Amino acid sequence: MKASSTVCVLGGTGFVGQRLASALVRRGYRVRIPTRNRERHRSLLVLPGVELVNADIHDAATLSRLVAGCGTVINLVGILHERPRNGSGFHKAHVTLVEKTLEACLEHGVERFLQMSALKASAEHGPSHYLRSKGAGERVVKNLAGEGIRFTIFQPSAIFGPADSFTNMFAGLVRLFPVLPLVKPDARLAPVFVGDVANAFCAALEDPSTAGKTYQLCGPDILSLREIVAEIAKALGKRRLIIGLPDTLASVQAWLMDYVVPGRILSVDSFKSLTVASVCTENGLEALGIRATAMRDLLPSYLGTDPGQRTLSGFRQSANR
Ligand SMILES: NC(=O)c1ccc[n+]([C@@H]2O[C@H](COP(=O)([O-])OP(=O)(O)OC[C@H]3O[C@@H](n4cnc5c(N)ncnc54)[C@H](OP(=O)(O)O)[C@@H]3O)[C@@H](O)[C@H]2O)c1
Numbered sequence: 032m033k034a035s036s037t038v039c040v041l042g043g044t045g046f047v048g049q050r051l052a053s054a055l056v057r058r059g060y061r062v063r064i065p066t067r068n069r070e071r072h073r074s075l076l077v078l079p080g081v082e083l084v085n086a087d088i089h090d091a092a093t094l095s096r097l098v099a100g101c102g103t104v105i106n107l108v109g110i111l112h113e114r115p116r117n118g119s120g121f122h123k124a125h126v127t128l129v130e131k132t133l134e135a136c137l138e139h140g141v142e143r144f145l146q147m148s149a150l151k152a153s154a155e156h157g158p159s160h161y162l163r164s165k166g167a168g169e170r171v172v173k174n175l176a177g178e179g180i181r182f183t184i185f186q187p188s189a190i191f192g193p194a195d196s197f198t199n200m201f202a203g204l205v206r207l208f209p210v211l212p213l214v215k216p217d218a219r220l221a222p223v224f225v226g227d228v229a230n231a232f233c234a235a236l237e238d239p240s241t242a243g244k245t246y247q248l249c250g251p252d253i254l255s256l257r258e259i260v261a262e263i264a265k266a267l268g269k270r271r272l273i274i275g276l277p278d279t280l281a282s283v284q285a286w287l288m289d290y291v292v293p294g295r296i297l298s299v300d301s302f303k304s305l306t307v308a309s310v311c312t313e314n315g316l317e318a319l320g321i322r323a324t325a326m327r328d329l330l331p332s333y334l335g336t337d338p339g340q341r342t343l344s345g346f347r348q349s350a351n352r
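Each position in the sequence shown, counted from 1, maps to that position plus 31 in my numbering.
Next up, the structure:
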């Protein structure tokens with residue numbers, strides 16, 4: 032274990048967080064992870080040096096206790112859906128929480144802060160509550176961290192990997208339906224592998240020259256949503272008819288899913304996020320010395336039709352391989 036190198040990871044129980052926690056442990060860090068439900072995430076305790084604590088991170092006093100003694104704080108907390116649907120939930124999770132966290136960091140002399148944002152985040156120009164609030168969160172980091180804390184911001188495109196909700200959600204639909212109506216079929220993304228994202232955070236943590244910088248994170252290929260779903264169908268060995276929905280119909284479908292059958296498939300806000308291409312102008316992975324993994328190379332290994340294969344992929348993921 033490295034002395035005084037405890038890293039507090041807010042959002043460390045999530046898809047990216049679990050991968051990152053594993054990568055940090057392998058590098059010799061102690062990792063403190065607050066969660067709203069410790070029982071649900073007990074599997075993280077198999078990682079040596081991980082401390083999993085039930086905590087309300089929106090409470091300033093709790094946050095202060097959590098970051099005390101940490102050399103680095105990483106904020107991965109993010110939501111895609113909110114209630115009420117007026118932006119207040121996004122603001123609380125992506126802006127107010129960042130303010131409170133940085134205040135706690137300044138109070139305790141935390142030296143390093145890594146912030147997870149999103150590609151095309153912009154407080155002024157983001158088309159959705161999600162992207163505007165992520166942009167506002169970045170602004171808070173740049174203003175509040177000031178000279179007291181060395182910060183680095185990450186802006187990934189859609190992130191894929193064995194336990195993601197992105198490719199697995201489409202894989203679920205591909206398995207069930209022979210015909211797939213698709214919203215925003217021409218939306219462009221550069222899916223980035225979760226292992227590469229975790230390595231980017233670790234690389235930044237160990238390279239002082241990354242302080243004060245923002246890194247866009249993209250996979251090697253730019254694909255339309257239609258091409259991504261086609262790749263998923265191919266990985267599953269299914270022939271599927273993909274029908275692109277016109278925007279008018281798609282926005283009605285998003286509205287219905289948001290208000291009538293709220294779930295995780297589509298919301299009005301995520302529909303709006305898809306109106307901007309989630310592609311990098313400069314891929315930060317290269318700057319960080321990481322070779323981007325192609326989605327089409329990995330999909331078959333974890334979506335493959337064999338359930339045993341999927342289980343093995345899950346084990347490999349938790350071992351960060
Ligand atoms: N996945 C992607 O494709 C993608 C792409 C671009 C950017 N990002 C960003 O990357 C980050 C991680 O994404 P992910 O896919 O790993 O997310 P995830 O699996 O949904 O995990 C989210 C984490 O945040 C915590 N969390 C969620 N809502 C919270 C709330 N209201 N209060 C306190 N904690 C809350 C959860 O902790 P508990 O439930 O344990 O409390 C969980 O650990 C997010 O900031 C996301 O916006 C993700």
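Glycine residues also receive a C-beta, built at the ideal position from the N, C-alpha and C atoms.
Fair warning: this is a prediction, and the values are worked out from it, not measured in the lab.
Distance CB(residue i)-CB(residue j) smaller than 9 Å
i: Val310; j: Cys249; result: yes
i: Asp195; j: Phe46; result: yes
i: Ile180; j: Leu137; result: yes
i: Val354; j: Arg61; result: Residue 354 is absent from the model: the chain starts at 32 and stops at 352.
i: Val172; j: Gln146; result: yes
i: Leu51; j: Ile105; result: yes
i: Val129; j: Pro187; result: no
i: Ala264; j: Arg271; result: yes
i: Val98; j: His139; result: yes
i: Ala308; j: Leu297; result: no
i: Leu316; j: Tyr246; result: yes
i: Glu113; j: Asp300; result: yes
i: Met326; j: Phe191; result: yes
i: Ser95; j: Ala124; result: no
i: Val214; j: Leu276; result: yes
i: Thr241; j: Leu319; result: yes
i: Ser53; j: Thr103; result: no
Assigned exposure category for residue i - 16 Cβ within 10 Å defines buried
i: Arg352; result: Low local confidence applies: a pLDDT of 49 at Arg352 is under 50, so the model's placement there is unreliable, with the coordinate-based value given in what follows. Answer is exposed; the Cβ neighbour count stays below 16.
i: Ile274; result: exposed
i: Leu76; result: exposed
i: Phe121; result: buried
i: Thr279; result: exposed
i: Ala34; result: At Ala34, the pLDDT of 40 sits below 50, so the modelled position is not reliable; the number obtained from the coordinates is stated separately. Result: exposed.
i: Thr306; result: exposed
i: His160; result: buried
i: Met32; result: Below a pLDDT of 50, predicted positions are generally treated as unreliable, and Met32, at 47, falls in that range; the measurement from the model is reported next regardless. It is exposed - the Cβ of Met32 has fewer than 16 other Cβ atoms within 10 Å.
i: Ala92; result: exposed
i: Val210; result: exposed
i: Tyr333; result: buried
i: Pro115; result: exposed
i: Glu155; result: exposed
i: Arg322; result: exposed
i: Arg143; result: buried
i: Thr312; result: exposed
i: Asn314; result: buried
Extent of the continuous alpha helix (DSSP H) to which residue i belongs
i: Thr132; result: Leu128 to His139
i: Lys173; result: His160 to Ala176
i: Asn230; result: Val225 to Leu236
i: Phe46; result: Phe46 to Arg57
i: Gly118; result: Where Gly118 is concerned, there is no enclosing alpha helix (DSSP H), given that its DSSP letter is neither H nor E.
CB contact check: residue i to chain D, cutoff 9 Å
i: Ala167; result: The structure shown contains no chain D, having only a single protein chain.
Run of the beta strand (DSSP E) containing residue i, from where it starts to where it stops
i: Arg63; result: Arg61 to Thr66
i: Phe185; result: Arg181 to Pro187
i: Phe208; result: Run containing Phe208: none; DSSP gives neither H nor E here.
i: Val214; result: No beta strand (DSSP E) contains Val214, which DSSP labels as neither H nor E.
i: Lys244; result: Lys244 to Leu248
i: Leu150; result: Counting along the chain, Leu150 falls outside any beta strand (DSSP E), and DSSP gives it neither H nor E.
i: Leu41; result: Thr37 to Leu41
>> Suppose only complete runs of 4+ residues qualify. What are the alpha helix (DSSP H) ranges in the region 267-337, listed by chain order?
In response: Assignment of alpha helix (DSSP H) within the region 267-337, counting only whole runs of 4 or more residues, yields 278-290, 299-304, 315-318 and 326-334 in chain order.
> How about the region 36-56 and the region 69-84: do they share at least three Cβ pairs that are nearer than 8 Å?
Replying inline: Yes: at least three Cβ pairs fall under 8 Å.
> Can you find at least 3 beta carbon pairs, one from the region 217-225 and one from the region 81-88, that sit closer than 8 Å?
Replying inline: Because the criterion of three Cβ pairs below 8 Å is not met, the region 217-225 and the region 81-88 do not touch.
>> For a minimum of 3 consecutive residues, which ranges assigned as the beta strand (DSSP E) are wholly contained in the region 69-109?
In response: Correct list: 81-85 and 103-106.
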